[in-house]
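Q:
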Amino acid sequence: MSETVCVVIVTFNNAGMLENLLQDLHTQNRPPDQIILIDNASCDQTESMVKFGYPSIQYVKLFKNAGSAGGYHEGIRRAIDSGDFIYTLDDDVRLNPDTLSEILNGFHALERISPFRVGAVRSVGDKHPERVPTRLAIFPWRGTLIKADVIREAGLPSPDYFLYGEDLEYSLRLAKKGYMFYWIPSSICREGKRIQDGKRRAEVFGRQSIRYQDPFRLYYAFRNEIFIYLRYWSILKLLHTLLYAVKVMLMILMAEGWTGRRALSAIARGLNDGLWGRLGENRHYLPISGGK
């Protein structure tokens, strides 16, 4: 019996870019056996576009936005009984016709030669510098292939992080079990360009710096990293996150002054809630359009 691949996508109010991705998936030279699309309660044309244009997709619309963590938890929960492999994607990426076949070939090639257990492999962007598979410390969901048996062993990703960081925690969880991760340079997954990416760029002490702009992004990003690094006793990473928080607060003060107080408060509350382990959705920091 041949192996099966289930693609899991989480989307929120991004129908145009999502449709481009669905077209790419339907023109793969090795098409996925199933596509599970988790819609985080979008209020745009996503539902009608999928139901009329792609009726074979397993479309699941949540009654409320569960964030990226809740979305991937639900999608992967459904997918582990649907395939031998799970390929996770964001809704804003583009694929080459051979993206899926190449990442599968890369996984099997590594399994044959690697002395370590291969936990996940990841597609690369257009400007990836290497031509051969190389080690990857952690993986995000965008363009990552995982064997369903690995997920059954490690358990599902947690929905409690709501937004940002659940893929970091899952990477650390698999690494703790002795799994390794690798880039597959022959498999291309390009990140699309959103009109607004939720980030702000500014010059600080003569250097260009980038930070999340929206308070809700700042809150969840810092909260979850602090909690995760404490949980896994990654002290150096924890200190790095704390120092970066100070840097971002300085960026906000220099660029916005007191008008940036909501962003400053979001960082402070995120750090505090991360230290005390207060996870889940925070009603004071709900995503706006573009945040899964």
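Under the numbering used here, residues 64 to 355 are what the sequence shown spells out, in order.
We treat Cβ as the ideally placed atom computed from N, Cα and C, and that holds for glycine.
Which term fits Val309, buried or exposed, when burial requires 16 or more other beta carbons within 10 angstroms of its beta carbon?
A: As a working mapping, residue 309 is identified with position 246 in the sequence shown. Burial call: exposed.
Q: Which two residues bound the contiguous beta strand (DSSP E) that contains Arg180?
A: Taking the sequence shown and counting its residues from 1, one reaches residue 180 at position 117. Run containing Arg180: Arg180 to Val187, per the beta strand (DSSP E) assignment.
Q: Put Val68 into one of helix, strand or coil per three-state DSSP.
A: Stepping through the sequence shown from its first residue, residue 68 is reached at position 5. Of the three classes helix, strand and coil, the one that applies to Val68 here is strand, per DSSP.
Q: Whole angstroms are fine: how far does the CA of Asn92 sit from the CA of Cys252?
A: For the purposes of this step, residue 252 is taken as the residue at position 189 of the sequence shown. For the purposes of this step, residue 92 is taken as the residue at position 29 of the sequence shown. Going by the C-alpha atoms only, they are around 15 Å apart.
Q: For Phe126, list the residues DSSP reports as bridge partners.
A: For the purposes of this step, residue 126 is identified with residue 63 of the sequence shown, where counting begins at 1. DSSP output for Phe126 lists no bridge partner at all.
Q: Roughly how many angstroms separate the alpha carbons of Leu173 and Asp96, rounded to a whole number?
A: Here residue 173 refers to the residue found at position 110 when the sequence shown is read from its first residue. Here residue 96 refers to the residue found at position 33 when the sequence shown is read from its first residue. Looking at the two C-alpha atoms, the distance is approximately 23 Å.
Q: Kindly indicate which residue of Gly169, Thr74, Arg140 and Pro350 has the alpha-carbon position closest to the one of Ala217.
A: One-based indexing of the sequence shown puts residue 217 at position 154. Looking at the Cα atoms, Arg140 is the closest of the given residues.
Q: Tell me the residue span of the alpha helix (DSSP H) that contains Ile315.
A: Sequence index remark: in the sequence shown, residue 315 carries index 252 (1-based). Per DSSP, Ile315 belongs to the alpha helix (DSSP H) from Ile298 to Glu319.
Q: For Ser186, which residues in the same chain have their Cβ closer than 7 Å to its Cβ, ignoring the five residues on either side in sequence?
A: Locating residue 186 in the sequence shown gives position 123, where the first residue counts as 1. For Ser186, where only same-chain residues beyond five positions count, the Cβ hits under 7 Å are Thr162, Ile166, Gly206, Ile247, Ser250, Ile251 and Cys252.
Q: Consult DSSP for Pro350 and reduce its assignment to one of helix, strand or coil.
A: Locating residue 350 in the sequence shown gives position 287, counting from the first residue. Coil, per DSSP.
Q: Return the CA-CA distance between Ser164 and His136, expressed in angstroms with no decimal places.
A: Against the sequence shown, residue 164 aligns to sequence position 101. Against the sequence shown, residue 136 aligns to sequence position 73. Near 25 Å, if we compare the C-alpha coordinates of His136 and Ser164.
Q: Given a cut-off of 8 Å, decide if Pro203 and Asp230 are closer than it, judged by their beta-carbon atoms.
A: If you number the sequence shown from 1, residue 230 lands on position 167. If you number the sequence shown from 1, residue 203 lands on position 140. A contact, by the Cβ cut-off of 8 Å.
Q: Checking 8 Å against the spacing of the C-beta atoms, do Met80 and Asp154 come in under that value?
A: By 1-based counting over the sequence shown, the position of residue 80 is 17. By 1-based counting over the sequence shown, the position of residue 154 is 91. Going by C-beta atoms, Met80 is nearer than 8 Å to Asp154.
Q: Along the beta strand (DSSP E) that carries Ser250, what are the first and last residues, could you check?
A: Here residue 250 corresponds to residue number 187 of the sequence shown, with the count starting at 1. Unbroken beta strand (DSSP E) run through Ser250: Tyr242 to Glu254.
Q: Let me make sure I understand the geometry here. Which of Gly323, Glu254 and Tyr227 has the alpha-carbon closest to that of Phe285?
A: What you label residue 285 is simply residue 222 of the sequence shown in a count that begins at 1. Here the closest residue by C-alpha is Tyr227.
Q: In chain order, what are the residue ranges of uninterrupted beta strand (DSSP E) at least 3 long that sit wholly in the segment 87-146?
A: Correct list: 97-102 and 121-124.
Q: Can you give me the C-alpha to C-alpha distance between Arg324 and Val311, rounded to a whole angstrom?
A: Taking the first residue of the sequence shown as position 1, residue 324 is located at position 261. Taking the first residue of the sequence shown as position 1, residue 311 is located at position 248. Arg324 and Val311: Cα-Cα distance of roughly 12 Å.
Q: Under the DSSP definition of a beta bridge, which residues are partnered with Thr74?
A: As a position in the sequence shown, residue 74 is number 11, starting the count at 1. Note: Thr74 sits in a beta bridge opposite Asp102.
Q: When the Cβ atoms of the segment 170-184 are set against those of the segment 113-129, are three or more pairs found closer than 8 Å?
A: With a cut-off of 8 Å, the segment 113-129 and the segment 170-184 do not count as touching, because too few Cβ pairs lie within range.
Q: Measuring only the C-alpha atoms, how far is Asn83 from Val156?
A: Position 20 of the sequence shown, counted from the start, is the residue given in the question as residue 83. Position 93 of the sequence shown, counted from the start, is the residue given in the question as residue 156. If you take the alpha carbons of Asn83 and Val156, they lie about 8 Å apart.
Q: Hey, Glu365 and Phe148 are a contact pair by Cβ (cut 8 Å); roughly how many whole angstroms apart?
A: Nothing about residue 365 can be reported from this structure: the residues present for the chain run from 64 to 355 only.
Q: Can you check which of these residues, Lys300, Gly340 and Asn76, is closest to Asn103 by C-alpha distance?
A: Translated into positions along the sequence shown, residue 103 becomes position 40. Closest option to Asn103, Cα to Cα, is Asn76.
Q: Based on Cα-Cα distance, which residue from Val73, Gly188, Lys240 and Arg215 lies nearest to Asn128?
A: Your numbering for residue 128 matches position 65 in the sequence shown. For the residues Val73, Gly188, Lys240 and Arg215, the minimum Cα distance to Asn128 belongs to Val73.
Q: Can you say whether Cys69 is buried or exposed, counting buried as having 16 or more other CB atoms within 10 angstroms of its CB?
A: The residue labelled residue 69 in the question sits at position 6 within the sequence shown. Answer is buried; the Cβ neighbour count reaches 16.
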